[in-house]
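K.L.:
Residue numbers for the sequence shown follow full-length UniProt numbering, beginning at 1 and rising by one.
For every residue, glycine included, the Cβ atom is placed at its ideal position computed from N, Cα and C.
This is the structure I want to talk about, given as structure tokens.
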Amino acid sequence: MSKLVNDTRVFKINPEIDVQNVRFENRYGFILAGHLYLPKNFKDSKKYAAIAISGPFGAVKEQASGLYAQTLAERGFVTVAFDQSMTGESSGNRRDVASPDIFVEDYSAAVDFLGKQKFVDRERIGAIGICGLGSHVLTAAAIDVRIKAVATSVMYDMSESMWNGLNNSKTEEEREKEKDYLAQMRWEEVDKGHQVKGFHELPFDENGNPVRANTLFPDKLPADADPVTTDFYNYYVGRAYHPRAMNSNTNMWDATSPWGYYNFPLQQRIEKIRAPKLIVTGEKAHSRYMAEEAYERLTDPKELVIVPNATHVDLYDQMDKIPFDKFESFFKENLK
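Dropping the structure here:
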């Protein structure tokens, strides 16, 4: 644990909140990079409730998860925002590989880390997943009963999104072509001797073939770009650009990342989550249906909050729309 230097966070910093640069290991041996946020008037002799936070999928801890962590630290919680294995500053010789198993384990590793701190009450640890990490945190909470309260914000079910496409738009023919494409990517890596990068959610061209690219977005957004793409671009390439974030056009996922999500879908047992659950999404979020579908499968106690007039990306960093009062009251009620 050390003082944060060379601060590259992309949101407004609150100098009253102490932030520590931390590292912790998951059970697969990856060293996760995190920022530990300590509440105002912090006293290490006290026992605090704590929250582990990660996401969005392809983002880094200096972006949305850090904003959530700082804001909840302002409200009295110890929080840790962390980079998933093989992304950001976290370890992994092979970079930018998405894995459902490993990313779920990363949450449990964050719980391990928080529970080791003498100022954290092990019986008062919660977790938040933003965007694609929402499906991972629910999967983690289904088995890791040390997570005493769990929340998601504009969650994506990454397995369903990859396998079925947004709004279940992918055809069986496209899925078969995608399997052929993934096999081709494996052979290409074998033959070239280096990692091959590509989309984690494959788009298809006008002929119905998978599209290849070196970055998530074009260098310049076309004038006719759809609203969802425009929102993502304006956040990741614009106001929240970070050089270590794949979504900021610095890189792409390993092209074979969908492989794991096809074989090992997330959220298989979320109805078994014992802990209280808070599902937050936006009224206008393109991902809203995923949050609502997950909510329907969850058992009580649970709560669904739909933020009026909010898009998916609004709940990354728009302080007037992210319902931090609700997150605060939820965790204070369930981590007491």
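1. Please determine, among G115, E74, R239, E62, the residue with the shortest C-alpha to C-alpha distance to S90.
2. I'd like the list of long-range same chain contacts for Y241, defined as Cβ closer than 6 Å, with 5 residues on each side in sequence excluded.
3. Got a sec? Which residues, its chain only, sit under 6 Å from V228 by beta carbon, not counting five neighbours each side?
4. Tell me which residue opens and which closes the alpha helix (DSSP H) that D83 is part of.
5. Per the DSSP calculation, H35 is bridged to which residue(s)?
6. Return the CA-CA distance between Y68 and R124, expressed in angstroms with no decimal places.
7. Just how far apart, CA to CA, sit V211 and F232?
8. What would DSSP say about V5, mapped onto helix, strand or coil?
9. Verify whether the separation of the beta carbon atoms of Y295 and P56 is less than 8 Å.
10. Would you check if the distance between the CB atom of A59 and the CB atom of A245 is smaller than 8 Å?
11. Taking the DSSP output, what are the residues bridged to W253?
12. When the Cα atoms are used, what is the spatial distance from A98 to L216?
13. Leaving out five residues on either side along the sequence, give the residues of the same chain with a beta carbon under 7 Å from the beta carbon of T299.
14. Can you name, in chain order, every residue of its own chain whose Cβ lies under 6 Å from the Cβ of A225, other than the five neighbours on each side?
15. Excluding five sequence neighbours on each side, which residues of the same chain lie with their C-beta closer than 6 Å to the C-beta of P308?
16. For K321, which option in K336, Y181, F264, S153 has the closest C-alpha, if you only look at C-alpha atoms?
17. Where do the N-terminal and C-terminal ends of the beta strand (DSSP E) with D121 fall, by residue?
18. R318: which of Y235, D254, L182 sits nearest, CA to CA?
19. Could you pull out every residue in the same chain whose Cβ sits closer than 7 Å to the Cβ of R186, ignoring the five residues on either side in sequence?
20. In whole angstroms, what separates the C-alpha of D112 from that of N207?
21. Report all residues from its chain with a CB closer than 7 Å to the CB of K170; omit the five preceding and five following residues, and keep chain order.
22. Could you compute how far the alpha carbon of R23 sits from the alpha carbon of E172?
P.N.:
So, to answer that:
1. Counting from 1 along the sequence shown, the entry for residue 90 is found at position 90. S90 has its Cα closest to that of E62, out of G115, E74, R239, E62.
2. Stepping through the sequence shown from its first residue, residue 241 is reached at position 241. Closer than 6 Å at the Cβ level, and outside the excluded window around Y241, lie S248.
3. By 1-based counting over the sequence shown, the position of residue 228 is 228. Listed in chain order, the non-local C-beta contacts of V228 below 6 Å within the same chain comprise H286, local neighbours out to five positions each way being set aside.
4. As a position in the sequence shown, residue 83 is number 83, starting the count at 1. That residue, D83, is in no alpha helix (DSSP H); it is neither H nor E in DSSP.
5. The sequence position of residue 35 within the sequence shown is 35, counting from 1. Per DSSP, N21, A81.
6. Position 68 of the sequence shown, counted from the start, is the residue given in the question as residue 68. Position 124 of the sequence shown, counted from the start, is the residue given in the question as residue 124. Here the alpha carbon of Y68 sits roughly 18 Å from the alpha carbon of R124.
7. Residue mapping note: residue 211 aligns to position 211 of the sequence shown, counting from 1. Residue mapping note: residue 232 aligns to position 232 of the sequence shown, counting from 1. Whole-angstrom Cα-Cα distance: 19 Å.
8. Sequence index remark: in the sequence shown, residue 5 carries index 5 (1-based). V5: coil per DSSP, three-state reduction.
9. One-based indexing of the sequence shown puts residue 295 at position 295. One-based indexing of the sequence shown puts residue 56 at position 56. No.
10. The count along the sequence shown starts at 1 and reaches residue 59 at position 59. The count along the sequence shown starts at 1 and reaches residue 245 at position 245. A contact, by the Cβ cut-off of 8 Å.
11. Taking the sequence shown and counting its residues from 1, one reaches residue 253 at position 253. Bridge partners of W253: G198.
12. As a position in the sequence shown, residue 98 is number 98, starting the count at 1. As a position in the sequence shown, residue 216 is number 216, starting the count at 1. The alpha-carbon separation between A98 and L216 amounts to approximately 15 Å.
13. Here residue 299 corresponds to residue number 299 of the sequence shown, with the count starting at 1. Excluding positions up to five away in sequence, the list reads E271.
14. Taking the sequence shown and counting its residues from 1, one reaches residue 225 at position 225. The answer is none, since no qualifying residue turns up.
15. In the sequence shown, residue 308 corresponds to position 308, counting from 1. Same-chain partners within the cutoff: E283.
16. Here residue 321 corresponds to residue number 321 of the sequence shown, with the count starting at 1. Nearest neighbour of K321 by Cα position, chosen from K336, Y181, F264, S153, turns out to be S153.
17. As a first step, residue 121 is located in the sequence shown; it is residue number 121 there, counting from the start. Start and end: 120–130.
18. Along the sequence shown, one-based indexing puts residue 318 at 318. The displayed chain sequence assigns Gln, not Arg, to residue 318. Out of Y235, D254, L182, Y235 has the C-alpha closest to the C-alpha of Q318.
19. One-based indexing of the sequence shown puts residue 186 at position 186. Setting aside the 5 residues that flank it on each side, R186 is surrounded in the same chain by T256, each with a C-beta closer than 7 Å to its C-beta; the list follows chain order.
20. Against the sequence shown, residue 112 aligns to sequence position 112. Against the sequence shown, residue 207 aligns to sequence position 207. Each residue's alpha carbon lies about 48 Å from the other.
21. Numbered from 1 along the sequence shown, position 170 holds the residue referred to as residue 170. Excluding sequence neighbours, K170 sits near N164.
22. Against the sequence shown, residue 23 aligns to sequence position 23. Against the sequence shown, residue 172 aligns to sequence position 172. Spanning the two alpha carbons is a distance of roughly 43 Å.
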